[in-house]
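Numbering (numbering that gives the first Met the number 0) for the sequence shown: 0 to 364.
Even for Gly, the Cβ is constructed at its ideal location relative to N, Cα and C.
All figures in this text were calculated on a predicted structure; none of them were measured in a lab.
What follows is a set of notes on a single structure, which appears directly below.
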Amino acid sequence: MTRRELIDILSIPHTDTSAIEDLKHRAHEVMEREVGTEVYYRGIIEFSNICTLDCHYCGIRRSNTRVTDRYTLSKQEIIDTALWCAESGYGSLVLQSGERRDPAFISFVEDLIRTIRQESVSQRLPDGLGITLGIGEQEEETYQRLAESGAHRYLLRIETTNEALFRRIHPPSQTLTDRISCLKSLRKTGYQVGTGVMIGLPGQSIDMLADDILFFRDMDVDMIGMGPYIVHEDSPMAHRGMMEKESLMQLSLNMIAAVRLALPDVNIASTTALQALYPDGRERGLTYGANVTMPNLTPQSVRKGYQLYQGKPCVEESKTECRGCLRGRIASIGRTVGFDAWGDSPHALRRTRARHDSLSRTVSF
Ligand code: SAH
């Protein structure tokens with residue numbers, strides 16, 4: 000895929016039904032061939048909304064004093080939820096939170112990972128739950144420690160690869176260079192690496208999104224999670240508004256399909272933010288080449304405290320309700336769920352195998 004081809008795909012308007020059908024068809028074909036049609040679950044626990052950063056777009060950023068219910072779930076609550084996840088057949092878990100880098104927090108996460116890996120081992124999951132972390136920018140040493148504890152995937156969105164735009168949506172202390180170096184550290188410390196961007200940010204162009212996709216490819220990432228940018232009323236970006244809903248939805252879906260065509264064998268998530276735009280948003284993402292979705296397991300009592308953007312869906316629901324609902328949604332588009340599996344992307348498996356092969360070659364010489 001060239002930059003020009005990506006731009007053409009991203010520019011397809013929601014009114015051009017024949018171009019849309021063609022795009023969905025191409026994306027589905029590549030997905031089926033490269034990663035299969037099963038949808039993999041990653042149960043997500045948003046275990047703390049305490050954050051030391053101040054991203055201008057985010058509802059839980061440090062200086063949003065309107066979030067009065069800052070919480071961190073207890074170890075027991077998190078472990079119980081993780082075990083529910085394993086018993087429900089979701090082979091993989093995401094631990095996500097606001098950003099903290101203090102030693103107490105890191106030790107807490109380390110302990111969580113070890114305990115979850117040990118306690119979730121069963122006949123169905125001989126290696127326990129797969130664990131993905133989403134706890135933001137950390138020191139390389141920290142990434143290393145957490146990998147040694149048993150986490151094997153990490154999500155860190157680049158948000159945008161355009162330097163000027165990155166600067167506009169973050170305080171000066173957060174830089175694109177730092178984010179890129181974190182992604183490199185994650186790769187170096189052995190994780191399967193996921194990244195992504197927000198789509199439809201004020202000031203973002205189609206060209207920038209095409210460059211984002213080329214960046215994903217150059218960074219050789221294993222997973223992609225992207226979603227529409229949705230304004231949060233208590234944020235410094237509120238006055239800049241957001242894209243009109245229908246166009247934003249189409250642009251987000253075009254992005255998913257374009258990523259599938261450009262990076263055929265990675266895992267692509269159909270994210271919750273799509274569902275904030277339209278109730279069937281996540282299913283629609285799956286029909287444009289996405290193969291992963293993330294059921295929300297965060298206890299209902301704290302869900303209201305983790306509103307990154309306005310109109311986040313399912314805040315009134317429990318994890319059991321989400322389980323039934325999602326299954327129906329996936330069946331509605333004729334797909335099945337890959338239960339009891341980590342669901343690593345073929346891209347990651349190939350990369351690790353290639354490294355292993357080259358190491359053994361070195362040894363035999
Ligand atoms: N602190 C962690 C995880 C929480 S934020 C981290 O940075 O990785 C997770 C993601 O939510 C962010 O990467 C961002 O892309 C997304 N997000 C935050 N605010 C948003 C908004 N207003 N609209 C859409 N997505 C948003």
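> C57: beta carbon under 7 Å from a heavy atom of the ligand SAH?
Replying inline: yes
> Just to check, is the beta-carbon of Q75 closer than 7 Å to a non-hydrogen atom of the ligand SAH?
Replying inline: no
> Anyone know if the C-beta pair for G226 and A272 falls short of 8 Å?
Replying inline: yes
>> Looking at the ligand SAH, does it come within less than 7 Å of M372, judged from the CB to the closest heavy atom?
In response: Here the chain comprises residues numbered 0 to 364, so residue 372 is not present and cannot be evaluated.
> Along the chain, which unbroken stretches of the alpha helix (DSSP H) at least 4 residues long are found entirely within the stretch 136 to 200?
Replying inline: 139 to 148, 162 to 168 and 175 to 187
> Where does Q122 sit, in a helix, a strand or coil, going by DSSP?
Replying inline: coil
> Where does F46 sit, in a helix, a strand or coil, going by DSSP?
Replying inline: strand
>> Run through the DSSP bridge pairs and tell me what A268 is partnered with.
In response: G224 and V291
> If we count Cβ pairs, one from each stretch, closer than 8 Å, do we get three or more for the stretch 117 to 134 versus the stretch 166 to 175?
Replying inline: no
> Taking the runs of the beta strand (DSSP E) that are 3 residues or longer, which of them lie wholly in the stretch 19 to 93?
Replying inline: 42 to 47
> Taking the C-alpha atoms as reference points, what is the distance between R41 and L182?
Replying inline: 21 Å
> What's the gap between the Cα of G337 and the Cα of E4?
Replying inline: 32 Å
> How is L111 classed by DSSP in three states: helix, strand or coil?
Replying inline: helix
>> Measuring straight from C-alpha to C-alpha, what distance separates A256 and C321?
In response: 26 Å
> Is Q95 helix, strand or coil by DSSP?
Replying inline: strand
> What first and last residue would you give for the alpha helix (DSSP H) that runs through I130?
Replying inline: Element bounds for I130: not the alpha helix (DSSP H) but the beta strand (DSSP E), G129 to G133.
> Helix or strand or just coil, what does DSSP make of V336?
Replying inline: strand
> Excluding the five sequence neighbours on either side, which residues of its own chain have a C-beta within less than 7 Å of the C-beta of F364, listed in chain order?
Replying inline: For F364, the predicted model reports a pLDDT of 39, less than 50, meaning its position is unreliable; a value from the coordinates is still stated below. The answer is none, since no qualifying residue turns up.
> Measuring CB to CB, does H151 end up less than 8 Å from Y89?
Replying inline: no
> When you compare only the Cα positions, how much space is there between R100 and E20?
Replying inline: 46 Å
>> Looking at the ligand SAH, does it come within less than 7 Å of I6, judged from the CB to the closest heavy atom?
In response: no
>> Going by beta-carbon coordinates alone, are A268 and T292 separated by less than 8 Å?
In response: yes
> Could you give the distance in angstroms between the alpha-carbon of S234 and the alpha-carbon of V66?
Replying inline: 11 Å
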